[in-house]
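Q: A single structure is presented below for examination.
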Amino acid sequence: MTDHTTHDDGTDVSETDDDNRLLLPQLGLDRRDFMKAGAAAGAMGSLAGCTGVLNNDDDGETATGVPDHDVPPGEHDEYYAFLSGGHAGDVRVHGLPSMREIMRIPVFNVESARGHGHDDESREMLDGYRWGDTHHPRLSQTDNDYDGRFAYVNDKANGRMARIDLKYFETDAIVDIPNQQGTHGACAQLPDTDLIFGVGEFRVPMPNDGRDLTDPESYTSTLAAIDPETMNVEWQVQIDGNMDNGDGSKDGRWFFATGYNSEGGINEQEMTRPDRDWVKAFDIPAIEELVEAGEYETINDVAVVDGTRDSPHNDGDPIVHYIATPKSPHGVSVTPDNEYAIASGKLDPTTALIEIDALDDVDDPTDAIVGRPRLGMGPLHTAYDGRGHAYTTLFIDSQVVKWDIEAAVEAEPESEEPIIEKIDVHYNPGHLIAAESYTADPQGDWLISLNKLSKDRFLPVGPVHPENDQLIYIGDDEEGMQLVKDSPAYAEPHDASICHRSKLDPADVYDPDDLELDHVSAGDESIERVADDRVEVEMYSMRNEFGFEDITVQEGDTVEMTVTNIETTSDILHSLAIPEYDINVKLAPQETRKVTFEADKPGVYWFYCAFFCSALHLEMRSRLIVEPED
Ligand code: RUQ
Ligand code: CUA
Numbered sequence: 001m002t003d004h005t006t007h008d009d010g011t012d013v014s015e016t017d018d019d020n021r022l023l024l025p026q027l028g029l030d031r032r033d034f035m036k037a038g039a040a041a042g043a044m045g046s047l048a049g050c051t052g053v054l055n056n057d058d059d060g061e062t063a064t065g066v067p068d069h070d071v072p073p074g075e076h077d078e079y080y081a082f083l084s085g086g087h088a089g090d091v092r093v094h095g096l097p098s099m100r101e102i103m104r105i106p107v108f109n110v111e112s113a114r115g116h117g118h119d120d121e122s123r124e125m126l127d128g129y130r131w132g133d134t135h136h137p138r139l140s141q142t143d144n145d146y147d148g149r150f151a152y153v154n155d156k157a158n159g160r161m162a163r164i165d166l167k168y169f170e171t172d173a174i175v176d177i178p179n180q181q182g183t184h185g186a187c188a189q190l191p192d193t194d195l196i197f198g199v200g201e202f203r204v205p206m207p208n209d210g211r212d213l214t215d216p217e218s219y220t221s222t223l224a225a226i227d228p229e230t231m232n233v234e235w236q237v238q239i240d241g242n243m244d245n246g247d248g249s250k251d252g253r254w255f256f257a258t259g260y261n262s263e264g265g266i267n268e269q270e271m272t273r274p275d276r277d278w279v280k281a282f283d284i285p286a287i288e289e290l291v292e293a294g295e296y297e298t299i300n301d302v303a304v305v306d307g308t309r310d311s312p313h314n315d316g317d318p319i320v321h322y323i324a325t326p327k328s329p330h331g332v333s334v335t336p337d338n339e340y341a342i343a344s345g346k347l348d349p350t351t352a353l354i355e356i357d358a359l360d361d362v363d364d365p366t367d368a369i370v371g372r373p374r375l376g377m378g379p380l381h382t383a384y385d386g387r388g389h390a391y392t393t394l395f396i397d398s399q400v401v402k403w404d405i406e407a408a409v410e411a412e413p414e415s416e417e418p419i420i421e422k423i424d425v426h427y428n429p430g431h432l433i434a435a436e437s438y439t440a441d442p443q444g445d446w447l448i449s450l451n452k453l454s455k456d457r458f459l460p461v462g463p464v465h466p467e468n469d470q471l472i473y474i475g476d477d478e479e480g481m482q483l484v485k486d487s488p489a490y491a492e493p494h495d496a497s498i499c500h501r502s503k504l505d506p507a508d509v510y511d512p513d514d515l516e517l518d519h520v521s522a523g524d525e526s527i528e529r530v531a532d533d534r535v536e537v538e539m540y541s542m543r544n545e546f547g548f549e550d551i552t553v554q555e556g557d558t559v560e561m562t563v564t565n566i567e568t569t570s571d572i573l574h575s576l577a578i579p580e581y582d583i584n585v586k587l588a589p590q591e592t593r594k595v596t597f598e599a600d601k602p603g604v605y606w607f608y609c610a611f612f613c614s615a616l617h618l619e620m621r622s623r624l625i626v627e628p629e630d
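Residue 1 is where the sequence shown starts when you use the numbering used here, and the numbers rise one by one after that.
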């Protein structure tokens with residue numbers, strides 16, 4: 001055993017250093033390489049013995065070998081976690097392993113602190129909708145690894161897909177997907193994010209224009225393929241049954257969607273009757289060939305290919321393989337090595353391993369199922385550590401189960417043999433996510449279990465409880481999974497993506513060239529009456545003033561205000577808050593935004609800055625004077 005060890009930042013420290021970091025032997029490896037090398041050489045056990053450091057958490061729940069997760073004041077986390085906010089409509093950014101919430105990114109919700117839904121551009125993006133239901137934030141990848149460009153997230157409620165620009169951590173595009181109700185699953189086509197897939201959950205008449213109202217037999221759901229740059233819907237495939245979650249193969253060939261209600265029922269009893277439901281495997285190149293060849297119907301301006309079971313396109317070489325799996329499969333995710341798509345039973349204690357390469361060879365797609373371990377009650381979602389293990393949430397058992405993927409292929413169906421261990425979580429986990437689990441190369445150290453119920457875990461706050469996101473250390477196969485911390489979450493995170501900090505490079509201030517609106521410098525401010533009932537204002541904001549002390553308009557005028565924050569110092573934010581007009585436009589350094597409103601209330605309105613920007617922040621206000629009509 002060596003005396004010299006390194007911190008995970010590479011600095012050499014002695015093993016007597018007792019600051020609770022993961023102490024690594026001086027192998028010239030970072031922590032991640034270390035774990036992989038350790039696993040490959042079967043050396044994990046012997047190393048774990050001498051690198052294990054006592055964890056001093058006093059909750060008694062964590063054991064040895066857990067690297068420090070209390071990121072000290074002033075230090076940064078190692079990972080960004082992007083968690084969906086569910087029907088709060090946003091995406092939250094947490095640091096890992098501290099689990100500190102660093103930022104919220106409003107997406108489908110109106111949010112005043114970031115001015116989302118307040119300025120003209122974001123208002124237009126929201127298009128009158130006030131809420132959304134985000135479930136699956138996925139980050140763009142290049143060559144099966146995070147490239148730091150964009151995040152994409154679905155809106156289950158209003159059938160939309162949004163893009164978040166990771167340079168500014170802000171929503172920059174939203175598409176309302178036609179022919180789709182309940183856009184649930186979402187993911188990028190790998191390896192290079194050539195398409196974004198949106199999975200339609202609710203079956204509806206096609207088109208849904210008042211026809212076939214009481215003929216549920218004829219309802220269908222669709223898979224939508226969206227161009228990641230233009231955010232246009234490129235094509236759709238219509239299928240039988242409700243769809244649920246989705247994930248794509250790492251080579252771009254396949255997209256897998258789970259589903260329930262293959263019988264097309266319209267109440268719970270009918271929906272849960274069938275013993276088997278389908279995982280659909282969409283053959284993406286085959287579908288694109290049909291689109292090229294014009295073999296589609298145009299519905300609401302989108303090319304819709306018929307992928308239902310009776311479709312002629314599913315004779316012979318099918319474009320959609322319907323793989324019967326038990327029962328109402330919910331989560332599906334592709335293993336990092338692209339060998340298997342793993343779909344969980346939800347209403348069945350098993351999970352099905354679909355061998356991806358076998359799909360081209362088998363006559364009955366069900367023969368591509370090469371493993372079906374019995375994991376426990378209510379299996380929902382599966383994540384990976386890159387060392388051959390899978391981690392699946394058990395909603396009903398309130399556990400996370402760790403199991404061996406290859407062992408599940410070797411074992412008899414319904415065998416419990418592949419199970420390595422189970423850990424209790426609190427309570428009823430939905431998704432779980434491991435660091436970079438959605439890439440070809442997961443990091444294998446941290447995992448978050450996103451638990452739906454928290455019950456007694458936090459101070460009571462009335463009948464609405466927070467959810468509980470629990471951090472679990474999975475980097476030590478010898479010690480096993482170790483519960484590290486509870487973290488309350490506002491309703492309600494579903495899925496998440498975790499990305500190493502080295503792969504993101506956010507801007508510190510805006511680059512005016514990235515914005516549509518022209519920068520207004522000090523000295524360029526103007527107030528202009530451009531029509532009888534329209535006034536255009538251009539002004540700047542800085543500590544501690546706006547470009548004008550007074551702006552006078554007439555009752556009934558449409559007022560268009562364009563404002564630049566001309567500060568160049570990072571973190572000096574201002575806003576344009578206009579009392580009684582329901583407006584608060586956030587302005588980060590070098591940012592320009594526009595807001596248009598009707599000055600329909602005569603009177604004096606102090607427009608002010610809502611960010612505490614300096615000692616004279618309170619003085620940062622001017623008058624909007626609205627003269628009454630005579
Ligand atoms: S779903 S809790 Cu919306 Cu991803 Cu499974
Ligand atoms: Cu600007 Cu307060």
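Ideal placement from N, C-alpha and C gives every residue a C-beta, glycine not left out.
1) Using 8 Å as the threshold, is the C-beta distance between L380 and G430 below it?
2) Please classify P312: does DSSP put it in a helix, a strand, or coil?
3) Indicate, with yes or no, if the ligand RUQ has a heavy atom lying under 7 Å from the CB of N428.
4) Residues in the same chain with beta-carbon distance under 7 Å from A324, minus the five sequence neighbours each way, listed in chain order, please.
5) Taking only the alpha-carbon atoms, compute the straight-line gap between G95 and D165 and give it to the nearest angstrom.
6) Give me, in chain order, the residues of the same chain whose beta-carbon lies closer than 7 Å to that of I177; leave out the 5 immediate sequence neighbours on both sides.
7) By the three-class DSSP mapping on this structure, what secondary structure does T193 have?
8) Whole angstroms is fine: what's the gap from E75's alpha carbon to H118's?
9) Please say whether P466 and A496 have beta carbons closer to each other than 8 Å?
10) Quick check on this structure: which residue in N300, Y322, D301 and V302 has the alpha carbon closest to the alpha carbon of D310?
11) Mind the definition here: the stretch 573-591 touches the stretch 500-517 only if three or more C-beta pairs lie below 8 Å; say whether that holds.
12) Near S521, which residues of its chain fall below 8 Å by C-beta distance, leaving aside the five closest residues on each side in sequence?
13) So who's on the other strand from I164, going by DSSP bridges?
14) S497 lies in the beta strand (DSSP E); which residues open and close that run?
15) Only counting runs of 3 or more residues, tell me where the beta strand (DSSP E) segments fall wholly within the stretch 273-361, in order along the chain.
16) Can you tell me which residues form a DSSP beta bridge with M561?
17) Near G371, which residues of its chain fall below 6 Å by C-beta distance, leaving aside the five closest residues on each side in sequence?
18) Counting pairs of Cβ atoms below 8 Å between the stretch 394-409 and the stretch 358-365, do you hit three or more?
19) Look at the alpha carbon of G316 and the alpha carbon of A281, and state the distance between them as a whole number of angstroms.
20) If you run the structure through DSSP and keep just helix, strand and coil, what is R621?
21) One question on the structure: do T568 and L517 come within less than 8 Å of each other, judged by their Cβ atoms?
22) Between the Cα of C187 and the Cα atoms of F108, S333 and W131, which residue gives the shortest distance?
23) Out of N179, P312 and Y608, point me to the one whose CA is closest to L301's CA.
24) Tell me the rounded alpha-carbon separation between Q189 and V237.
25) Any heavy atom of the ligand CUA within a distance shorter than 7 Å of the CB on C613?
26) Which residues in the same chain as S570 place their Cβ atom closer than 7 Å to its Cβ, once the five residues preceding and following it in sequence are excluded?
27) Is the beta carbon of I498 sitting closer than 8 Å to the one on E436?
28) Is P628 buried or exposed, if buried means 16 or more other CB atoms sit within 10 Å of its CB?
29) As a quick exercise: from E580, L618, V93 and N314, pick the residue whose alpha carbon is nearest that of I625.
30) Measure the CB-CB distance between R258 and N245 and report whether it falls below 8 Å.
31) Quick one: is N261 buried, meaning 16 or more other Cβ sit within 10 Å of its Cβ, or exposed?
32) Please state if the CB of F202 and the CB of D155 are separated by a distance shorter than 8 Å.
33) Where do the ends of the beta strand (DSSP E) carrying D119 lie?
34) Could you give the first and the last residue of the continuous alpha helix (DSSP H) run that contains E467?
35) Answer yes or no: the CB of C609 versus the heavy atoms of the ligand CUA, is any distance below 7 Å?
36) Whole angstroms is fine: what's the gap from G331's alpha carbon to T558's?
A: Inspection of the coordinates gives the following:
1) yes
2) helix
3) no
4) R276, W278 and T366
5) 18 Å
6) G159, R160, M161, T183, G198, A224 and V233
7) coil
8) 34 Å
9) no
10) Y322
11) yes
12) Y540, T564 and I566
13) A151 and T171
14) A496 to H500
15) 276-283, 297-299, 302-306, 320-326, 332-334, 340-344 and 351-355
16) V537 and V595
17) L353, A408 and V409
18) no
19) 15 Å
20) strand
21) no
22) S333
23) Per the sequence presented here, residue 301 reads as Asp, with Leu not at that position. Among N179, P312 and Y608, the Cα nearest to that of D301 is on N179.
24) 15 Å
25) yes
26) D508, V509 and P589
27) yes
28) exposed
29) E580
30) Checking the sequence shown, residue 258 turns out to be Thr, not Arg. Taking 8 Å as the Cβ cut-off, T258 and N245 qualify as a contacting pair.
31) buried
32) no
33) Unbroken run through D119: none, as it is neither H nor E.
34) Careful: E467 lies outside any alpha helix (DSSP H), inside the beta strand (DSSP E) at E467 to Y473.
35) yes
36) 50 Å
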